[in-house]
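Beneath this line is the structure, given in structure tokens, with notes to follow.
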Amino acid sequence: VRPRYALTATTDGGGSILISPASALYLSNTVVELTAVPATNWQFLYWTQDASGTNPVLDLTMTTTLSVGAVFGTSISVTNSGSGIAALNPPQALYAYGSTVWLQAAAQGTGFFRYWDGTLGSNNITPLRYIVTNGATSFTAYFGTLPPQRYSLSVLSSGPGDVTWTPRQPFYTNNAPVQITATPEPGYLFVGWSGHASGTNNP
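To convert a position in the sequence shown, counted from 1, into my numbering, add 2.
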């Protein structure tokens with residue numbers, strides 16, 4: 003008697019998987035075709051688990067029970083309005099569904115960061131942690147002009163991690179004390195400061 007095997011095909015989001023022929027169980031050595039179908043504003047990136055590669059059409063020969071995952075990605079765009087720059091950490095062309103991206107704003111000259119505006123509404127936090135679940139999102143960092151005798155503080159991160167500071171204000175008086183804390187993502191370590199700060203003390 004030829005054994006029968008189950009096939010599980012899943013994705014976290016951003017698209018779907020077509021299975022042909024569709025069946026609860028497959029006879030041993032049956033060839034099954036999987037097709038990754040991206041949703042609007044998403045693109046297929048690669049297969050995971052018991053499959054690999056970047057071809058959206060995949061043929062599997064059922065010689066055992068198999069589990070296959072499809073990963074879809076989308077673009078994120080950031081722009082700036084006023085005296086400052088906007089950036090993404092990490093910088094990539096496409097971001098996988100469910101991945102973490104940090105939106106970062108840095109004031110320049112006489113500017114100070116005011117807020118983000120975009121697909122998900124407004125937020126005055128930077129760096130801003132964003133979990134990728136929407137297709138083709140866009141954000142704009144808005145900057146204002148510093149009042150006389152005030153100074154802006156721009157804090158950016160490089161690599162997987164967050165940076166916070168207290169007191170968190172849009173701008174500061176001369177000699178105002180600020181405490182900055184770096185919090186790496188699980189599996190990563192804080193390495194050090196750069197820019198107008200140096201060393202490895204944290205905070």
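The C-beta atom is built at its ideal place from N, Cα and C for all residues, glycine as well.
Rounded separation between residue i and residue j - CA only
{"i": "N125", "j": "D119", "result": "7 angstroms"}
{"i": "N91", "j": "Y174", "result": "26 angstroms"}
{"i": "V134", "j": "A98", "result": "7 angstroms"}
{"i": "I127", "j": "I21", "result": "43 angstroms"}
{"i": "L27", "j": "P58", "result": "23 angstroms"}
{"i": "G198", "j": "G113", "result": "Looking at the sequence shown, residue 198 is not Gly but His. Rounded to the nearest angstrom, the two C-alpha atoms are 17 angstroms apart."}
{"i": "R152", "j": "N176", "result": "7 angstroms"}
{"i": "S79", "j": "S25", "result": "41 angstroms"}
{"i": "I182", "j": "G71", "result": "40 angstroms"}
{"i": "R4", "j": "A53", "result": "23 angstroms"}
{"i": "A89", "j": "M64", "result": "45 angstroms"}
{"i": "Y77", "j": "T12", "result": "Here the sequence assigns Ser to residue 77, which means Tyr is not the residue at that position. S77 and T12: Cα-Cα distance of roughly 22 angstroms."}
{"i": "Q94", "j": "G163", "result": "16 angstroms"}
{"i": "W167", "j": "Y190", "result": "20 angstroms"}
{"i": "I87", "j": "V39", "result": "35 angstroms"}
{"i": "P172", "j": "G55", "result": "46 angstroms"}
{"i": "Y81", "j": "T142", "result": "The sequence given here places Thr at residue 81; Tyr does not occur at that position. About 5 angstroms."}
{"i": "V193", "j": "A109", "result": "24 angstroms"}
{"i": "G111", "j": "L155", "result": "11 angstroms"}
{"i": "G75", "j": "L148", "result": "38 angstroms"}
{"i": "G201", "j": "T121", "result": "37 angstroms"}
{"i": "T107", "j": "Y117", "result": "The question names Thr, but residue 107 in the sequence shown is Ala. Taking the straight line joining both Cα atoms gives about 9 angstroms."}
{"i": "P188", "j": "G161", "result": "12 angstroms"}
{"i": "P23", "j": "F46", "result": "21 angstroms"}
Residue i - containing beta strand (DSSP E), residue span
{"i": "Y117", "result": "G113 to G120"}
{"i": "G75", "result": "L68 to T76"}
{"i": "N91", "result": "G86 to N91"}
{"i": "W104", "result": "T102 to A109"}
{"i": "F145", "result": "T139 to T147"}
{"i": "D52", "result": "Note, D52: premise wrong, no beta strand (DSSP E); not H, not E."}
From the options, residue whose alpha carbon lies closest to that of residue i
{"i": "Y132", "options": "L105, D61 and T142", "result": "L105"}
{"i": "V180", "options": "G163, V193, V157 and Y7", "result": "V157"}
{"i": "T139", "options": "G55, N31, W44 and A184", "result": "W44"}
{"i": "G16", "options": "S30, T166, Y48 and T10", "result": "Y48"}
{"i": "G146", "options": "R152, T185 and S85", "result": "S85"}
{"i": "T67", "options": "E187, S30 and T42", "result": "S30"}
{"i": "V165", "options": "G189, A143, R6 and W195", "result": "W195"}
{"i": "L130", "options": "T76, L36, T42 and T102", "result": "T102"}
{"i": "T37", "options": "T50, P23, I19 and F46", "result": "I19"}
{"i": "S159", "options": "P172, R170, P149 and P186", "result": "P186"}
{"i": "E35", "options": "L9, T121, Q51 and T42", "result": "L9"}
{"i": "L96", "options": "P188, G137 and G111", "result": "G137"}
{"i": "G123", "options": "G111, R170 and Y144", "result": "Y144"}
{"i": "F115", "options": "S69, R170, G201 and P150", "result": "R170"}
{"i": "S69", "options": "Y7, S83 and P150", "result": "Y7"}
Sub-8 angstroms separation of residue i and residue j beta-carbons
{"i": "V33", "j": "D61", "result": "yes"}
{"i": "N204", "j": "A184", "result": "yes"}
{"i": "V73", "j": "T50", "result": "yes"}
Beta bridge counterpart(s) of residue i as assigned by DSSP
{"i": "G16", "result": "Answer is none; G16 lacks a bridge partner."}
{"i": "G201", "result": "None; G201 has no bridge partner."}
{"i": "E35", "result": "S22 and D61"}
{"i": "P186", "result": "G163"}
{"i": "V157", "result": "None, per the DSSP bridge assignment."}
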